[in-house]
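The structure appears right after this line, and notes come after that.
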Amino acid sequence: MRTYLVTGGAGFIGSNYIHYMFRKYGDEIRIINVDALTYAGNLANLKDLEDRGNYTFIHADITDKPAIGKIFKENDIDRVVHFAAESHVDRSITTPEVFVTTNVLGTAVMLNSAKAAWERPDGTYPEGKKFLHVSTDEVYGSLPDDGKSYFYETTPYSPHSPYSASKAGSDFLVKSYMDTYHFPANITNTSNNYGPYQFPEKLIPLLINNALSGRELPVYGDGMNIRDWLYVDDHAKGIDMVQEQGKLFETYNIGGHNEKRNIEIVHLVIDTLLELLPEDDPRRANVSRDLIRFVGDRKGHDRRYAIAPDKIKAEIGWEPETKFEDGIRKTIRWYLDNQEWLQNVTSGDYQSYYEKMYSNR
Ligand code: NAD
Ligand code: TYD
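If you're matching positions, the sequence shown starts at 363 in the working numbering and goes up one per residue.
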């Protein structure tokens, strides 16, 4: 039975990935999820898995060398899928240090622990030991708003935010392990994800949460920035396909030719909420375009991201399957059906985060 060590599995993409993997492989695999449970980590995302014999949660920080070393010592890990990171650009602008600690140092600890556990005395690695580093297209910087330039695996890195700089640093560390030690790894650089369990600091769940409670919808700058949106299950599938079918030591970009301007997303979320909310739901009265408020721009705001997923399509046969209209409906339906989840994650610290981040924009 193959054993996976998933880091950051209590977060948005990690928890969707774990669900995807159990749907796909059932009892053929074992998953160990290691997560520090920061504000972004939530065990409620995995509640339905708690009684599974082939799923284990370990509460640990990826920068904690002894704790991570112990996990490798006590378990014969075949695959590492490394999601754990500080992931929000706005937070990286106010508190950059923790991004360096978790994203760079944490990745170094993960790499070194896997290397120590896997490497043979002659410097080779057993067949089937693989490390997949989950990264972002933001490492490539910003594209012109021309509708025809794209990020490729060969695009030079040009990160602008402390978040993307720290992810670039972690990518370079993984590359250095592959080049120096022939360490068996892959890197995936993916565009903006959306779907269930996303923390409402990111654009789409923040809009849903605010609109439902009649709060303003903050749009940074002119609202014309472009992001390339990918449904989270399509990402999970891409990660698994890269790890099983990709060539070792290669980078694959995962994205969906699904570019939208932020203001289009705002309009779509409002329209879809009005379509899905029942006539007698009191929250309907809150949802309106009048909530839109253009606010001060994000510092260093990247204009456009867009991935050309040509390599992953040609070599592995991966393509996004979820149409945006369907994905956004599924996502909004999930938030409507999981109000308790939303209430729990927005109680406590979230309020003070929100005040601090948005009060003087
Ligand atoms: P998230 O913020 O929702 O989840 C991050 C998880 O990592 C949380 O469960 C958190 O508790 C955990 N974590 C944070 N610091 C940790 C530490 N020091 N030790 C152990 N666990 C720690 O993030 P996400 O959106 O699910 O992103 C997952 C990964 O995918 C990240 O590496 C991110 O850079 C990358 N990525 C995200 C997107 C996106 O659109 N969200 C796009 C491309 C790539
Ligand atoms: P976000 O979800 O933070 O993802 P990223 O910065 O990693 O792309 O933001 C997506 C886009 O939405 C980005 O251009 C910034 C913008 N945005 C707003 O206009 N208002 C908001 O309140 C937030 C959180 C983001």
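Beta carbons: idealized from backbone N, C-alpha and C, even for Gly.
State the CB to CB distance for the pair residue 595 and residue 684, rounded to an integer number of angstroms; the pair is presumed to be in contact (CB under 8 Å).
Taking the first residue of the sequence shown as position 1, residue 595 is located at position 233. Taking the first residue of the sequence shown as position 1, residue 684 is located at position 322. Indeed, because the Cβ distance is near 7 Å, the residues count as touching under 8 Å.
Can you determine whether any heavy atom of the ligand NAD sits closer than 8 Å to the C-beta of residue 554, and answer yes or no?
By 1-based counting over the sequence shown, the position of residue 554 is 192. Yes, the ligand NAD has a heavy atom inside 8 Å of this Cβ.
At the level of alpha carbons, what is the spacing between residue 539 and residue 482?
Position 177 of the sequence shown holds residue 539. Position 120 of the sequence shown holds residue 482. Cα-Cα distance, rounded: 15 Å.
Please report the straight-line C-alpha distance between residue 378 and residue 407, rounded to a whole angstrom.
To locate residue 378, count along the sequence shown from 1; it is residue 16. To locate residue 407, count along the sequence shown from 1; it is residue 45. If I take the Cα positions, the gap works out to 8 Å.
Could you check what DSSP says for residue 393 in three-state terms: helix, strand or coil?
The residue given as residue 393 occupies position 31 in the sequence shown. If DSSP states are grouped into helix, strand and coil, residue 393 belongs with the strands.
Using 10 angstroms around the beta-carbon of residue 706, count the other beta-carbons present and answer buried if the total reaches 16, otherwise exposed.
For the purposes of this step, residue 706 is taken as residue 344 along the sequence shown, with counting starting at 1. By the 10 Å Cβ count, residue 706 comes out exposed.
Taking one C-beta from the region 655 to 665 and one from the region 498 to 511 each time, how about it: are there three or more such pairs within less than 8 Å?
Yes, the region 655 to 665 touches the region 498 to 511.
For the pair the region 607 to 615 and the region 683 to 701, tell me if three or more CB-CB distances fall below 8 Å.
Verdict: no, contact absent.
Touch check for the region 514 to 529 and the region 574 to 583: three-plus C-beta pairs under 8 Å?
Counting Cβ pairs under 8 Å, fewer than three are found: no touch.
Throw me the rounded Cβ distance for the residue 466 and residue 550 pair, which I believe falls under 8 Å.
Within the sequence shown, numbered from 1, the residue matching residue 466 stands at position 104. Within the sequence shown, numbered from 1, the residue matching residue 550 stands at position 188. The Cβ separation is near 18 Å, so there is no contact.
In or out: residue 472 buried (at least 16 other Cβ within 10 Å) or exposed?
Numbered from its first residue, the sequence shown carries residue 472 at position 110. Per the 10 Å Cβ criterion, buried.
Do you know how far the Cα of residue 622 is from the Cα of residue 640?
Counted from its first residue, the sequence shown places residue 640 at position 278. Counted from its first residue, the sequence shown places residue 622 at position 260. Looking at the two C-alpha atoms, the distance is approximately 27 Å.
Can you tell me where the beta strand (DSSP E) with residue 582 in it begins and where it stops?
Here residue 582 is taken as the residue at index 220 of the sequence shown, counted from 1. Its beta strand (DSSP E) spans residues 579 to 582.
By a C-beta neighbour count over all protein chains shown, 10 Å radius and 16 as the cutoff for buried, is residue 558 buried or exposed?
Within the sequence shown, the letter at position 196 stands for residue 558. Classification for residue 558: buried.
Which whole-angstrom value describes the C-beta separation of residue 445 and residue 369, a residue pair presumed to lie in contact below a C-beta threshold of 8 Å?
Looking up residue 445 in the sequence shown gives position 83. Looking up residue 369 in the sequence shown gives position 7. Correct: roughly 6 Å between the Cβ atoms.
By the three-class DSSP mapping on this structure, what secondary structure does residue 417 have?
In the sequence shown, counting from the first residue as 1, residue 417 sits at position 55. Strand at residue 417.
Quick one: Cα of residue 624 to Cα of residue 589, how far?
As a position in the sequence shown, residue 624 is number 262, starting the count at 1. As a position in the sequence shown, residue 589 is number 227, starting the count at 1. The alpha-carbon atoms of residue 624 and residue 589 are separated by roughly 7 Å.
Within 8 Å: the Cβ of residue 564 and any heavy atom of the ligand NAD?
Mapped onto the sequence shown, residue 564 falls at position 202. Within the cutoff, so yes.
If you count every other CB in all the chains shown that lies within 10 Å of the CB of residue 713, and 16 or more means buried, which is it?
Numbered from its first residue, the sequence shown carries residue 713 at position 351. Its Cβ having fewer than 16 others within 10 Å, residue 713 is exposed.
By DSSP, does residue 384 sit in helix, in strand, or in coil?
Along the sequence shown, read from residue 1 onward, the residue named residue 384 stands at position 22. Helix at residue 384.
Under 8 Å Cβ to Cβ from residue 478, same chain only, skipping five residues before and after it: list those, please.
Residue 478 sits at position 116 when you count from the first residue of the sequence shown. Answer for residue 478: 431 and 434, listed in chain order.
In this structure, how does DSSP classify residue 441 when only helix, strand and coil are distinguished?
Within the sequence shown, numbered from 1, the residue matching residue 441 stands at position 79. Three-state DSSP puts residue 441 in a strand.
For residue 636, is the classification buried or exposed, using 16 other Cβ atoms within 10 angstroms of its Cβ as the cut-off for buried?
Residue mapping note: residue 636 aligns to position 274 of the sequence shown, counting from 1. Classification of residue 636: exposed, given that the 10 Å Cβ count is below 16.
Hey, residue 534 and residue 519: beta-carbon distance below 9 Å or not?
Numbered from 1 along the sequence shown, position 172 holds the residue referred to as residue 534. Numbered from 1 along the sequence shown, position 157 holds the residue referred to as residue 519. Against a cut-off of 9 Å, the Cβ pair of residue 519 and residue 534 comes out as a contact.
Any heavy atom of the ligand HEM closer than 8 Å to the Cβ of residue 624?
With respect to the ligand HEM, the structure offers nothing, as its ligand set consists of the ligand NAD and the ligand TYD.
So, helix, strand or coil for residue 641, using DSSP?
Numbered from its first residue, the sequence shown carries residue 641 at position 279. In the structure shown, residue 641 sits in coil (DSSP, three-state: anything other than H, G, I, E or B).
Which stretch, first to last residue, makes up the alpha helix (DSSP H) that contains residue 534?
On the sequence shown, position 172 is the one that residue 534 refers to. 524 to 543 is the span of the alpha helix (DSSP H), which, as asked, contains residue 534.
In angstroms with no decimal places, state the Cα-to-Cα distance between residue 418 and residue 680.
Residue 418 sits at position 56 when you count from the first residue of the sequence shown. Residue 680 sits at position 318 when you count from the first residue of the sequence shown. Spanning the two alpha carbons is a distance of roughly 29 Å.
Given residue 646, which residues of its chain have a CB within under 6 Å of its CB, disregarding the five upstream and five downstream residues?
Along the sequence shown, one-based indexing puts residue 646 at 284. Once the five neighbours on either side are set aside, the close Cβ partners of residue 646 are 639.
Label residue 383 either buried or exposed according to how many other C-beta atoms from any shown protein chain fall within 10 Å of its C-beta, with 16 as the threshold for buried.
By one-based count along the sequence shown, residue 383 stands at place 21. So residue 383 ends up on the buried side.
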